[in-house]
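Numbering (this note's numbering), first residue to last: 3 to 195. Note that the Cβ used here is the ideal one computed from N, Cα and C, for glycine as well.
Have a look at this one:
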């Protein structure tokens with residue numbers, strides 16, 4: 003068993019009874035091939051709940067600061083995450099993300115780049131549109147619907163993949179594609195909240 007599989011089992015055993023996640027639409031996630039998983043970001047627990055509800059391992063893009071904390075750094079690396087320098091055009095993070103998708107992995111990303119303090123979905127960063135346009139990965143929107151309160155049900159909703167063919171063929175901008183992805187996340191929240 004991999005470290006990821008072991009950690010997933012342990013964390014699921016701890017968090018599932020407390021937050022009782024209801025998983026909707028998992029059948030929408032392709033069973034193989036590159037998947038760009040795009041979710042809203044309302045809590046530091048979001049990556050954990052995507053990790054324990056998803057049926058495939060996820061490679062996460064994580065803020066660079068996590069890779070500077072002594073104990074956390076080792077754990078985050080072993081969970082297949084890689085760092086991104088926020089607020090800068092981080093070419094290495096873009097290369098790592100494209101490589102993950104081209105190697106058939108699920109790349110987990112929170113397009114807003116930071117947690118929403120209000121719980122409302124904010125503007126997404128163009129990097130997510132870049133990943134969607136530069137690879138053949140399936141783009142799957144995901145909504146995490148709280149609140150994160152013990153013994154209150156949490157919903158994790160996986161939407162249908164967004165067909166990117168038109169946008170790739172017509173060279174639509176990364177910003178426009180990011181907006182389309184963010185609108186899909188909002189639609190899931192409105193439908194299932």
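Query raised in the report: Between residue 108 and residue 56, is the Cβ-Cβ spacing less than 9 Å?
Result: Closer than 9 Å, so yes.
Requested in this report: Compute the distance between the beta-carbons of residue 174 and residue 135, then report whether it is under 9 Å.
Outcome: Yes; because the gap between Cβ atoms is below 9 Å, this pair is in contact.
Requested in this report: Mark residue 104 as exposed unless 16 or more other C-beta atoms lie within 10 angstroms of its C-beta, in which case mark it buried.
Outcome: Result: exposed.
Query - Beta-carbon contacts of residue 102 that lie in its chain and below 7 Å, excluding the five residues immediately before and after - result: Same-chain partners within the cutoff: 61 and 109.
**Report entry** At least three beta-carbon pairs within less than 8 Å, the segment 26-34 to the segment 152-172
**Finding:** The segment 26-34 vs the segment 152-172: in contact.
Query raised in the report: Quick one: is residue 122 buried, meaning 16 or more other Cβ sit within 10 Å of its Cβ, or exposed?
Result: Exposed.
Report task. Starting from the N-terminal side, write out each stretch of the beta strand (DSSP E) that is 3 residues or longer and does not extend beyond the segment 23-109. Result -> Here the runs fully enclosed are 23-26, 37-41, 60-65 and 84-86.
Query raised in the report: DSSP three-state call for residue 145: helix, strand or coil?
Result: Correct three-state label for residue 145: strand.
**Report entry** Stretch pair the segment 37-51 + the segment 113-122: three plus CB contacts closer than 8 Å
**Finding:** By the Cβ criterion, the segment 37-51 is in contact with the segment 113-122, since at least three pairs of Cβ atoms, one from each stretch, lie closer than 8 Å.
Requested in this report: For residue 140, count neighbouring Cβ atoms within 10 angstroms of its own Cβ and tell me buried if that reaches 16, exposed if not.
Outcome: By the neighbour-count definition (other C-beta atoms within 10 Å, threshold 16), residue 140 is a buried residue.
Requested in this report: Could you check the C-alpha separation between residue 194 and residue 145 for me, to the nearest Å?
Outcome: Whole-angstrom Cα-Cα distance: 9 Å.
Query raised in the report: Counting Cβ pairs, one atom from each stretch, are 3 or more of them under 8 Å apart for the segment 92-101 and the segment 72-81?
Result: Counting C-beta pairs with one atom in each stretch, the segment 92-101 and the segment 72-81 have fewer than three that are closer than 8 Å, which means they do not touch.
Requested in this report: Consult DSSP for residue 150 and reduce its assignment to one of helix, strand or coil.
Outcome: Three-state DSSP puts residue 150 in coil, outside helix and strand.
Query - Per-residue DSSP class, three states only, for residue 130 - result: Residue 130 falls in the helix class under three-state DSSP.
Requested in this report: Could you spell out where the alpha helix (DSSP H) holding residue 193 opens and where it closes?
Outcome: Looking at the DSSP string, the run of the alpha helix (DSSP H) that includes residue 193 is 176-194.
Query - Rounded straight-line distance, which links the Cα of residue 66 to that of residue 83 - result: The alpha-carbon atoms of residue 83 and residue 66 are separated by roughly 10 Å.
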